[in-house]
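The sequence shown: position 28 = 32 (the working numbering), numbered continuously.
Where is the CB? At the ideal position from N, CA and C, for every residue including glycine.
Bear in mind the structure is a predicted one, so any value in this text is a computation, not a measurement.
Data first, discussion second: the structure below is written as structure tokens.
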Amino acid sequence: MAPGIVQTRLSQFLTEHPVEGPTYLQRVPLRRFAQPLDIAEAVLFLASDAAAYITGEQIVVDGGVSVGVPIEAAP
Numbered sequence: 005m006a007p008g009i010v011q012t013r014l015s016q017f018l019t020e021h022p023v024e025g026p027t028y029l030q031r032v033p034l035r036r037f038a039q040p041l042d043i044a045e046a047v048l049f050l051a052s053d054a055a056a057y058i059t060g061e062q063i064v065v066d067g068g069v070s071v072g073v074p075i076e077a078a079p
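Here it is in structure tokens:
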């Protein structure tokens, strides 16, 4: 599992920062931080019979950040 920034107490320094939080979200196509449930549901899928033939894969759950969406310049 390769999660993006998950909104928890450990990530508050970024998710609640008035400048850095919104700046990071500009890079996220889904325009939000991951919630713990987003990651849990991906893990649940991998633990289910639906993923019985999936082995040795890195599942990226990052809202699209790893796609490499260009960051727009600040005005």
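Which residues does DSSP pair with A44 in a beta bridge? As a first step, residue 44 must be located in the sequence shown, where it is residue number 40. Residue pairing by DSSP places A44 opposite no residue, since no beta bridge is assigned to it.
Between F17, R13, Y28, which lies nearest to S70 when the distance is taken from Cα to Cα? Walking along the sequence shown from the start, residue 70 turns up at place 66. For the options F17, R13, Y28, the alpha carbon positioned closest to that of S70 is the one of Y28.
Which word fits R35, buried or exposed, when buried means at least 16 other C-beta atoms lie within 10 angstroms of its C-beta? On the sequence shown, residue 35 is found 31 positions in, with the first residue counted as 1. By the 10 Å Cβ count, R35 comes out exposed.
Just reading off the alpha helix (DSSP H) that F17 is part of, what are its end residues? Numbered from its first residue, the sequence shown carries residue 17 at position 13. Per DSSP, F17 belongs to the alpha helix (DSSP H) from 16-19.
Is it buried or exposed for A44, if we count other Cβ within 10 angstroms and need 16 for buried? Position 40 of the sequence shown, counted from the start, is the residue given in the question as residue 44. So A44 counts as exposed.
To the nearest angstrom, how far is it from the Cα of L48 to the Cα of P26? As a working note, residue 48 is residue 44 in the sequence shown. As a working note, residue 26 is residue 22 in the sequence shown. Taking the straight line joining both Cα atoms gives about 30 Å.
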